[in-house]
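Participant:
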Amino acid sequence: MLSSLFRRAFVLSVGSGMLIAALVTGLPAAQAQEPNEIVIKNFMFSPMSLTVKVGTTVTWKNMDGEPHTVVNDAGIFHSAALDQNDTYQFKFDKPGIYKVLCGIHPYMKATITVQ
Ligand SMILES: [Cu+2]
760 MLSSLFRRAF VLSVGSGMLI AALVTGLPAA QAQEPNEIVI KNFMFSPMSL TVKVGTTVTW
820 KNMDGEPHTV VNDAGIFHSA ALDQNDTYQF KFDKPGIYKV LCGIHPYMKA TITVQ
């Protein structure tokens, strides 16, 4: 009885906190995804394939509460564990097709094509 009351108060306070956070981060506009940025969200890279020109720096941003890494299967680059809102950048100086996965969740995959 008492615990359910507490739980209700907790849900209410979390709910209003999220509303405030949504209002704060919602201004000035919903964050548009930057070009050459890959967002990690819901255990997925988005977009899963990206084509860029040689010399482009690609940014990965982890939106999940879980840590993720950005790992090239050929060992060309390898990020540290990214916590929520952490970013990792890599500059692609050579053309090619670069397979990327999360070292913690290897089923998370993306492909960067550099032309
Ligand atoms: Cu992961």
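Sequential numbering of the sequence shown, starting at 760, is according to the working numbering.
Glycine residues also receive a C-beta, built at the ideal position from the N, C-alpha and C atoms.
Everything numeric in this text was worked out from a predicted model, so none of it was measured.
1) Using C-beta distances below 6 Å, list every residue in its chain close to T872, excluding the 5 sequence neighbours before and after it, in chain order.
2) Could you give the C-beta distance for D832 and K853, rounded to a whole number, given that I count them as a contact under 8 Å?
3) Which term fits T846, buried or exposed, when burial requires 16 or more other beta carbons within 10 angstroms of its beta carbon?
4) Comparing alpha-carbon positions, which option in W819, G814, V813, A840 lies nearest E825?
5) Excluding sequence positions up to five away, which residues of its chain have a Cβ less than 7 Å from the Cβ of K812?
Facilitator: Short version:
1) Correct list, in chain order: T810, I856.
2) Not confirmed; about 16 Å, so no contact.
3) Classification for T846: exposed.
4) Proximity to E825 across W819, G814, V813, A840 peaks at A840, based on C-alpha coordinates.
5) These residues qualify, in order along the chain: Q874.
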